[in-house]
């Protein structure tokens, strides 16, 4: 019979030792800092020796703590890999979570092409803007917007996003017609997020004197704002990747050839061990290829 310390205490130590921070470990494991401290005291009591020491505000590992960490990290990595392999062998679906706007405007219209190429892969797609945890949420892949920094996870760049005003052909034609950026003062400006994106675009375009707060509906989702623009309700500072299909179909037009790079990009995020799964590799390869084709179109 194996005599092992409590698993929760081992997880708390491994996270705290790897990050040299109880606070970061607490955030990673979705518990309080006090819970991490309690678990580590429990583990130290079980082992009979200290694992950490503090020098002022600096947290360091003891000699035994430094020796223990790599063994535990390897054990947790092997358990994670074994679990992923087991899920692969169970022939379960490929579970993907994507931002609602990305899912509805870009991914779903193209998903049939993936199914035609890989009919053996059962895709389950959920749309959500919430944060997620691969250790607790049953997702294999996530499509998110960000800077590409998700510690402990693999992140592949899908596309660098850029912003530009888009509207229906009727709104662009007027009256009053949209010939120059300063003409935006005469139309409704739509907003799909709080913040200063419109102001940044106006500064980038060299246009002043537009009241960015007057009129215009606000939406909490980029897809809703784009649909309002398609319906002729005003001009939205559109994410061009999400607007691409409507632009190609003529439902939207881009009245000014002035784009603002967005700091946030679209990323495919997943555990490193998942990259070995055939269904994950197939979807990853297809998605990145589709994104490259869309950029070159």
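In my numbering, the protein residues as written are 385 to 681.
C-beta atoms are modelled at their ideal positions from N, C-alpha and C, and glycine is treated no differently.
To which residues does DSSP link residue i through a beta bridge?
i, result
"residue 651", "528 and 541"
"residue 442", "439"
"residue 495", "Bridge partners of residue 495: none, in fact."
"residue 560", "Answer is none; residue 560 lacks a bridge partner."
"residue 550", "620"
"residue 645", "546"
In terms of residue numbering, what span does the alpha helix (DSSP H) encompassing residue i cover?
i, result
"residue 512", "From DSSP, residue 512 is part of no alpha helix (DSSP H); its letter is neither H nor E."
"residue 392", "391 to 403"
"residue 412", "406 to 413"
"residue 482", "Run containing residue 482: none in the alpha helix (DSSP H); it sits in the beta strand (DSSP E), 478 to 482."
"residue 631", "624 to 633"
"residue 591", "Here residue 591 belongs to no alpha helix (DSSP H), and DSSP marks it neither H nor E."
"residue 505", "Segment: none, residue 505 is in no alpha helix (DSSP H) and carries neither H nor E."
"residue 597", "Residue 597 -> no alpha helix (DSSP H), and no H or E assigned at all."
"residue 566", "Per DSSP, residue 566 belongs to no alpha helix (DSSP H) and is neither H nor E."
"residue 607", "606 to 614"
Mapping DSSP to helix, strand and coil, what is residue i?
i, result
"residue 586", "helix"
"residue 432", "coil"
"residue 639", "coil"
"residue 473", "Any answer about residue 473 is weak, because its pLDDT of 48 lies below 50 and its placement is not dependable; what the coordinates show is given next. It is helical."
"residue 574", "strand"
"residue 388", "coil"
"residue 447", "helix"
"residue 535", "coil"
"residue 523", "coil"
"residue 661", "coil"
"residue 419", "helix"
"residue 464", "helix"
"residue 688", "Residue 688 is absent from the structure shown; the chain starts at 385 and stops at 681."
"residue 673", "helix"
Tell me, to the nearest whole angstrom, how far the beta carbon of residue i is from that of residue j; I am working on the premise that it is less than 8 Å.
i, j, result
"residue 484", "residue 607", "6 Å"
"residue 700", "residue 477", "No information on residue 700 is available, as it lies outside the stretch 385 to 681 that the chain covers here."
"residue 524", "residue 654", "7 Å"
"residue 437", "residue 446", "6 Å"
"residue 479", "residue 528", "The pair is not a contact, with the Cβ atoms about 15 Å apart (cut-off 8 Å)."
"residue 575", "residue 642", "Contact flag wrong, Cβ pair sits at about 18 Å."
"residue 551", "residue 618", "7 Å"
"residue 417", "residue 393", "Between residue 393 and residue 417 the Cβ distance is about 15 Å, and since that is not below 8 Å, they are no contact."
For residue i, tell me which candidate among the options has the shortest Cα-Cα distance.
i, options, result
"residue 639", "392, 571 and 440", "571"
"residue 388", "450, 430, 409 and 399", "430"
"residue 398", "423, 605, 514 and 631", "423"
"residue 583", "413, 621, 563 and 558", "621"
"residue 404", "568, 427, 415 and 450", "450"
"residue 414", "400, 426 and 671", "400"
"residue 556", "410, 659 and 614", "614"
"residue 652", "482, 433, 427 and 551", "482"
"residue 586", "419, 486, 553 and 567", "567"
"residue 679", "443, 661 and 628", "628"
"residue 490", "663, 624 and 669", "624"
"residue 685", "673, 669 and 662", "With the chain running from 385 to 681 in the structure shown, residue 685 is simply not present."
"residue 609", "597, 656 and 549", "549"
"residue 632", "498, 656, 658 and 553", "553"
"residue 500", "386, 408 and 667", "667"
"residue 421", "538, 672, 396 and 518", "396"
Any beta-carbon of chain B closer than 9 Å to the one on residue i?
i, result
"residue 507", "Among the chains of the structure shown, chain B does not appear; only one protein chain is present."
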